[in-house]
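Peer 1: Here it is, the structure, as structure tokens.
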Amino acid sequence: MMEITPAHYTILSAALFSVGLIGVLVRRNIIIIFMAIELMLNAVNINLVAYANEVENLVGQVFVVFVIAVAAAEAAVGLGIILALFRNKETVNIDEMNVMRS
Amino acid sequence: MAEAFAFYTLSVLILGLAVAVITTPNTVHSVVFLVLNFLCVAVLYVFLQAEFLAVIQVLVYAGGIVVLYLFVVMLVNLGRSPEEHQDPRRLGLIGLGLSGAVLLELAGIIAYSYTREQSPPVAAAQASPVQGNIEELGWLLYTDYLIPFEVASVLLLVAMVGAIVLARRES
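Protein chains in written order, with my numbering: chain A, 1 to 102; chain B, 1001 to 1171.
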């Protein structure tokens, strides 16, 4: 209990991932949904760094650098899409974003 | 002892702030909680001897991405709450239940993998010619992982062009 093992980090990561998943599935504000996706990416990063530390191999940290780069790209494009949608539909509610639904 | 205390404090902070992010009705408050969450994760990285990632977390996430979110929240200024419109086909409770199921599944996987016999530790990484976290990470990025690194830079360029094209007003 007093010694922190990778299992502790895995459990923290799983809980954080689940919180992010609840945000994605339950909220309707698309900006909140994007933030919940960032939380899920962070949960994965915690896992990677914890095990990189455990096996003393830095490749896990290299992978986290790429995850952060992809998250930045995703945030930029996603927020651009939100702005374009808001300009056309005046909403950030995903239930009203059904232009592609017949 | 001190490490355990720090870990549990940070865990409670991270999870509490994450719950605050997805429950606050005000989107600006949500962004502020997200910054605090990222900062706590950065402290966790310091404990895991990943100093470079801690710095990157603060610079890129807390400094860059969150400012982007704040800009969009300010630009998308709604007179009415986005949660007002209720789609009768939407089943939020099922989403909550599914998330709980995923948490249970993850817990099961963790419990299962730790009750099984531990696999022998993987071979240690080959000796790096440099010392220190940032130096070793830079060495790996510019030798073994040079091509993924360049691909990531191209991806960022494409994302930048795409974001500009998407956000531009059509004249």
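For glycine and all other residues, C-beta sits at the position ideal for the given N, C-alpha and C.
(1) List the residues of chain A whose Cβ lies closer than 9 Å to the Cβ of B/Ala1042, in chain order.
(2) In three-state terms, what does DSSP make of A/Asn93?
(3) In chain order, what residues of the same chain lie with their CB nearer than 7 Å to the CB of B/Val1043, ignoring the 5 residues before and after it?
(4) Less than 8 Å between C-beta atoms, sequence neighbours within five positions excluded: which residues of the same chain meet that for B/Phe1149?
(5) Counting only Cβ-Cβ distances shorter than 8 Å, please list the residues of the stretch 56-77 of chain A near chain B, keeping chain order.
(6) Compile a chain-ordered list of the residues in the stretch 8-27 of chain A whose CB is closer than 9 Å to at least one CB of chain B.
(7) Leaving out the 5 sequence neighbours to the left and right, which residues in its chain are closer than 8 Å to A/Leu16 when beta-carbon positions are compared?
(8) Locate the alpha helix (DSSP H) running through B/Tyr1069, then write down its first and last residues.
(9) Roughly how many angstroms separate the alpha carbons of A/Val86 and B/Tyr1061, rounded to a whole number?
(10) Measure the beta-carbon distance from A/Ile22 to B/Leu1096 and round it to whole angstroms, keeping in mind my assumption that it falls under 8 Å.
(11) Closer than 8 Å by beta-carbon distance: list the chain B residues that pair up with A/Ile82, in chain order.
(12) Would you tell me roughly how many angstroms separate the C-alpha atoms of A/Gly80 and B/Met1160, rounded to the nearest one?
(13) Would you please verify whether the beta carbon of B/Thr1027 is less than 8 Å from any beta carbon of chain A?
(14) Closer than 7 Å by beta-carbon distance: list the chain A residues that pair up with B/Ile1022, in chain order.
(15) What does DSSP give as the partner residues of A/Asn29 in its beta bridges?
(16) Roughly how many angstroms lie between the CA atoms of B/Thr1024 and B/Ala1018, to the nearest whole one?
(17) Kindly list the residues whose CB is nearer than 7 Å to the CB of B/Ala1050, restricted to its own chain and excluding five residues on each side of it in sequence; keep chain order.
Peer 2: To lay it out plainly:
(1) If you number the second sequence from 1, residue 1042 of chain B lands on position 42. Chain-order list of chain A residues neighbouring B/Ala1042: empty, with the shortest C-beta distance near 10 Å, by a criterion of under 9 Å.
(2) Counted from its first residue, the first sequence places residue 93 of chain A at position 93. A/Asn93 falls in the strand class under three-state DSSP.
(3) Here residue 1043 of chain B refers to the residue found at position 43 when the second sequence is read from its first residue. Closer than 7 Å at the Cβ level, and outside the excluded window around B/Val1043, lie Leu1010.
(4) The residue you call residue 1149 of chain B lines up with position 149 of the second sequence. Excluding positions up to five away in sequence, the list reads Leu1141, Tyr1142.
(5) For the stretch 56-77 of chain A, the residues whose beta carbon sits under 8 Å from a beta carbon of chain B are, in order, Glu56, Asn57, Leu58, Val59, Gln61, Val62, Val64, Val65, Phe66, Ile68, Ala69, Val70, Ala71, Ala72, Ala73, Glu74, Ala75, Ala76, Val77.
(6) His8, Tyr9, Thr10, Ile11, Leu12, Ser13, Ala14, Ala15, Leu16, Phe17, Ser18, Val19, Gly20, Leu21, Ile22, Gly23, Val24, Leu25, Val26, Arg27
(7) As a first step, residue 16 of chain A must be located in the first sequence, where it is residue number 16. Answer for A/Leu16: Leu39, Met40, Asn42, Ala43, Ile46, listed in chain order.
(8) Locating residue 1069 of chain B in the second sequence gives position 69, counting from the first residue. First-last of the alpha helix (DSSP H) with B/Tyr1069: 1066-1075.
(9) To locate residue 86 of chain A, count along the first sequence from 1; it is residue 86. To locate residue 1061 of chain B, count along the second sequence from 1; it is residue 61. The question names Val, yet the displayed sequence has Phe at residue 86 of chain A. Roughly 24 Å separates the two Cα atoms.
(10) Against the first sequence, residue 22 of chain A aligns to sequence position 22. Against the second sequence, residue 1096 of chain B aligns to sequence position 96. Rounded, the Cβ-Cβ distance is 6 Å, consistent with contact.
(11) Mapped onto the first sequence, residue 82 of chain A falls at position 82. Here the neighbours are Val1072, Val1076.
(12) Residue mapping note: residue 80 of chain A aligns to position 80 of the first sequence, counting from 1. Residue mapping note: residue 1160 of chain B aligns to position 160 of the second sequence, counting from 1. C-alpha separation (whole angstroms): 10 Å.
(13) Taking the first residue of the second sequence as position 1, residue 1027 of chain B is located at position 27. At least one chain A Cβ lies under 8 Å of B/Thr1027.
(14) The count along the second sequence starts at 1 and reaches residue 1022 of chain B at position 22. Within chain A, the residues near B/Ile1022 are Val19, Ile22, Gly23, Arg27, Ile32, Ala36.
(15) Taking the first residue of the first sequence as 1, we reach residue 29 of chain A at position 29. Paired residue(s): A/Asn93.
(16) Reading the second sequence from its first residue, position 24 is the one you call residue 1024 of chain B. Reading the second sequence from its first residue, position 18 is the one you call residue 1018 of chain B. Cα to Cα, the separation comes out at about 10 Å.
(17) The residue labelled residue 1050 of chain B in the question sits at position 50 within the second sequence. Here the set comprises Asn1133.
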